[in-house]
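Participant:
Chains as they are written, first to last, in the working numbering: chain A, 105 to 417; chain B, 2 to 287.
#1: In angstroms with no decimal places, state the Cα-to-Cα distance between residue 267 (chain B) and residue 219 (chain B).
#2: Is there a Cβ from chain B that is less than 8 Å from the Cβ of residue 392 (chain A)?
#3: Which residues, in chain order, does the segment 355-385 of chain A contribute to contact with chain B at a C-beta distance below 7 Å?
#4: Check whether the segment 49-60 of chain B touches the segment 8-26 of chain B, taking contact to mean three or more Cβ pairs, one atom from each stretch, closer than 8 Å.
#5: By the three-class DSSP mapping on this structure, what secondary structure does residue 107 (chain A) have?
#6: What are the boundary residues of the beta strand (DSSP E) that residue 202 (chain A) is part of?
#7: Counting only Cβ-Cβ distances shorter than 8 Å, please list the residues of the segment 293-316 of chain A near chain B, keeping chain order.
#8: Look at the alpha carbon of residue 114 (chain B) and the alpha carbon of residue 393 (chain A), and state the distance between them as a whole number of angstroms.
#9: With burial defined as no fewer than 16 other Cβ atoms inside 10 Å of the residue's Cβ, what is the status of residue 106 (chain A): buried or exposed?
#10: Is the distance from the Cβ of residue 317 (chain A) to the Cβ of residue 302 (chain A) below 8 Å?
#11: For the candidate residues A:174, A:168, A:289, A:331, whose alpha-carbon lies nearest to that of residue 150 (chain A)?
#12: Please identify, using Cβ separations under 8 Å, the residues of the segment 215-231 of chain A that lie next to chain B, in order along the chain.
#13: By Cβ distance, which residues of its chain are closer than 8 Å to residue 266 (chain A), with the 5 residues on each side in sequence left out?
#14: Return the chain-ordered list of same chain residues with a C-beta closer than 6 Å to the C-beta of residue 194 (chain A), the five sequence neighbours on each side being excluded.
#15: Excluding the 5 residues preceding and the 5 following residue 120 (chain A) in the sequence, name in chain order all residues of the same chain whose CB lies nearer than 8 Å to its CB.
#16: Per the DSSP calculation, residue 101 (chain B) is bridged to which residue(s)?
#17: Note the first and the last residue of the continuous alpha helix (DSSP H) segment covering residue 51 (chain B).
#18: Is there a Cβ from chain B that is less than 8 Å from the Cβ of residue 107 (chain A)?
#19: Among all the DSSP beta bridges, which residues are the ones paired with residue 173 (chain A)?
#20: Buried or exposed: residue 125 (chain B), going by 16 or more other Cβ atoms within 10 Å of its Cβ?
#21: First and last residue of the beta strand (DSSP E) that includes residue 378 (chain A)?
#22: Restricting to runs no shorter than 4 residues, where is the alpha helix (DSSP H) found entirely within the segment 162-222 of chain B?
#23: Can you tell which of B:63, B:207, B:3 has its C-alpha closest to the C-alpha of residue 30 (chain B)?
#24: Measure the alpha-carbon distance for residue 331 (chain A) versus residue 75 (chain B) and round it to whole angstroms.
#25: Anything in chain B within Cβ reach of residue 243 (chain A), meaning under 9 Å, just list it in chain order.
#26: So which residues of chain B does residue 321 (chain A) contact, with C-beta pairs closer than 7 Å?
#27: Taking residue 19 (chain B) as the reference, which of A:371, A:242, A:128, A:178 has the closest Cα?
#28: Check this for me: beta carbons of residue 151 (chain B) and residue 179 (chain B), under 8 Å apart or not?
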């Protein structure tokens, strides 16, 4: 697993041109806000939208969230000039298909970081796989720049359209693509960002119960990254990606039992129907680390909200 | 004495780190004893401890090694060279010892194709305990996360490299090759259905369900034989296929029937030689 991982359990993607979304973003409790220049921004407003990002970054981070921006696949140069400002944590690049595209992003971002007094290497690149070409080149794309730290995709509307398949069906139509992308992420020690299959045949984006179930299932399969479109899913996602107290307690117990085991001649034991071995111990350690990281992050956000409220919003 | 086709002597998973030196001592004797009992013997060695592990296990009675926690092609090349050297020193025909590559890490799975063709000794691929090494856990469906993708990928890579894919299709709550006899049988059946040819397991009571699951049933063999006979008669009469109910049997389907029959007879021959060995009768070399 990567060192120094970000905490990106919940986040809202919102059109930067809609003031009521942007102005309220800091109160949502998200780990990140993804300011969109792409699909949620009308074509005639693309130029104007770019000019809003610099102020929006300061606005949406008031509650402790990180600020990301999703740019347009075909407007890389102009979008990057408009958005790489202090406070930006990540550029999300949709429909990534070739390593060369990521290398180009890296070069432009590197220059802008120097020009604008941002510590070199600060801005991450989210290379999102949303097409067959992207799946075929997944490993090359993921390894194209050290700025790529989370890697995923291979699902969603764009992938469905690319494959010519329905998006909301009762089975997983993306097994192969998601597998390729996750394997590449794991082989490169990046944070994988896909999800196990849970059926969603309605296309609902604002159901809090569903959001929790999906986040919890994803966390149990080793994922830590969420994100959505509706404020209703923020809290359930944050909760679903955070280990609950009973699992933290259980992890402590596993480590205790493992310490006993280590002093014996056995490599595994069955205790109360559960196997204890080095793999369970490693998993328990990871869970405790993640739990502590989540708690720190929650404190950070609470502090930021308190400061902002004190200053009058 | 177990009825397993292969006994895998482990130096990796079930030996505590501090006991490894003593586990290596006398390993050769254990290999010889087990071989006399009729099973093929493999040793499971650590990709990071190849020198010590291979010196401990290589002897004429050993069929090969399973390299666990594999990460790179370089480790295969290292094992290949070491095995060659030890074969030369210990009077074994150069190139005899096999390697089964256990692709348990993401790195190894990513490099599966290169690994499969990195040495002519490679006779098989397996995911081993990948779900533990990669920490892959059950999805809400009961399938173990990512495993369907990894299994099909491994089987395809093995097929393209001409080596044997080993494994079974485990589901929750099975874990790390551990399961009840019943679940083991199901995992073996599913495993055979997607192309695995056999699997490792951990408990003695898993061996029979494994053998059964990977052996075509008498009913399957009967059906295959009947179809093949009908098909051959039709072909001699000038037809290209036969129709049975709503199914059509052509050249491809007849080859598939032949595969079932061949597999079943190979299993029968192997069972006989295992029985002979157990009874102390002479057994031809594998």
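We put the CB at the ideal spot given by N, CA and C, even for glycine.
Facilitator: Quick look at the numbers:
#1: As a working mapping, residue 267 (chain B) is identified with position 266 in the second chain. As a working mapping, residue 219 (chain B) is identified with position 218 in the second chain. If you take the alpha carbons of residue 267 (chain B) and residue 219 (chain B), they lie about 14 Å apart.
#2: Translated into positions along the first chain, residue 392 (chain A) becomes position 288. Interface residue (Cβ-Cβ distance to chain B less than 8 Å): residue 392 (chain A) is not classified as such.
#3: Per Cβ criterion, the list reads 369, 371, 379, 383.
#4: Between the segment 49-60 of chain B and the segment 8-26 of chain B there are three or more C-beta pairs closer than 8 Å, enough to call the two in contact.
#5: In the first chain, counting from the first residue as 1, residue 107 (chain A) sits at position 3. Per-residue confidence for residue 107 (chain A) stands at a pLDDT of 47, beneath the threshold of 50, marking its modelled position as unreliable; the derived number appears in the next sentence. DSSP, reduced to helix, strand and coil, places residue 107 (chain A) outside both helices and strands of the structure shown, so it counts as coil.
#6: Here residue 202 (chain A) is taken as the residue at index 98 of the first chain, counted from 1. Membership of residue 202 (chain A) in any beta strand (DSSP E) is not indicated, and neither H nor E is assigned to it by DSSP.
#7: If the cut-off is 8 Å between Cβ atoms, the segment 293-316 of chain A has 300, 301, 302 near chain B.
#8: Here residue 114 (chain B) refers to the residue found at position 113 of the second chain. Here residue 393 (chain A) refers to the residue found at position 289 of the first chain. One C-alpha to the other measures close to 35 Å.
#9: Here residue 106 (chain A) corresponds to residue number 2 of the first chain, with the count starting at 1. Per-residue confidence for residue 106 (chain A) stands at a pLDDT of 41, beneath the threshold of 50, marking its modelled position as unreliable; no derived number is given.
#10: Here residue 317 (chain A) refers to the residue found at position 213 of the first chain. Here residue 302 (chain A) refers to the residue found at position 198 of the first chain. Result yes, Cβ atoms of residue 317 (chain A) and residue 302 (chain A) sit closer than 8 Å.
#11: If you number the first chain from 1, residue 150 (chain A) lands on position 46. When C-alpha distances from residue 150 (chain A) are compared across A:174, A:168, A:289, A:331, the shortest belongs to A:174.
#12: Those residues of the segment 215-231 of chain A placed with their C-beta closer than 8 Å to a C-beta in chain B do not exist.
#13: As a working mapping, residue 266 (chain A) is identified with position 162 in the first chain. Excluding its 5 nearest sequence neighbours in each direction, residue 266 (chain A) has C-beta neighbours in its own chain below 8 Å: 234, 235, 236, listed in chain order.
#14: Position 90 of the first chain, counted from the start, is the residue given in the question as residue 194 (chain A). Excluding the 5 residues flanking it on each side, residue 194 (chain A) has same chain C-beta neighbours closer than 6 Å at 172, 228, 230, in chain order.
#15: Here residue 120 (chain A) refers to the residue found at position 16 when the first chain is read from its first residue. Scanning its chain for C-beta atoms nearer than 8 Å, with the 5 sequence neighbours on each side dropped, one finds around residue 120 (chain A) the residues 126, 139, 140, 141, 145, 153, 156, 157, 160, 173, in chain order.
#16: Counting from one through the second chain, the residue named residue 101 (chain B) turns up at place 100. Its beta-bridge partners are B:67, B:125.
#17: Your numbering for residue 51 (chain B) matches position 50 in the second chain. Segment 51-58, the alpha helix (DSSP H) holding residue 51 (chain B).
#18: Counting from 1 along the first chain, the entry for residue 107 (chain A) is found at position 3. Confidence at residue 107 (chain A) is low in this model, with a pLDDT of 47, below 50, so the placement of that residue should be treated as unreliable; the coordinate-derived value is given next. Judged by the 8 Å Cβ criterion, residue 107 (chain A) is not in contact with chain B.
#19: Walking along the first chain from the start, residue 173 (chain A) turns up at place 69. Residue 173 (chain A) is bridged to A:139, A:195.
#20: Indexing the second chain from 1 puts residue 125 (chain B) at position 124. Buried, since its Cβ has 16 or more Cβ neighbours within 10 Å.
#21: On the first chain, position 274 is the one that residue 378 (chain A) refers to. Annotation for residue 378 (chain A): the continuous beta strand (DSSP E) segment containing it runs 378-380.
#22: The qualifying runs are 182-195, 208-215.
#23: Reading the second chain from its first residue, position 29 is the one you call residue 30 (chain B). Of the candidates B:63, B:207, B:3, B:63 places its Cα closest to the Cα of residue 30 (chain B).
#24: For this step, residue 331 (chain A) is matched to residue 227 along the first chain. For this step, residue 75 (chain B) is matched to residue 74 along the second chain. Our two residues, residue 331 (chain A) and residue 75 (chain B), have alpha carbons roughly 40 Å apart in a direct line.
#25: Position 139 of the first chain, counted from the start, is the residue given in the question as residue 243 (chain A). Within 9 Å of the CB of residue 243 (chain A), the CB atoms of chain B belong to 111, in sequence order along the chain.
#26: Counting from 1 along the first chain, the entry for residue 321 (chain A) is found at position 217. Correct list: 140, 141.
#27: For this step, residue 19 (chain B) is matched to residue 18 along the second chain. It is A:371.
#28: Counting from one through the second chain, the residue named residue 151 (chain B) turns up at place 150. Counting from one through the second chain, the residue named residue 179 (chain B) turns up at place 178. Not closer than 8 Å, so no.
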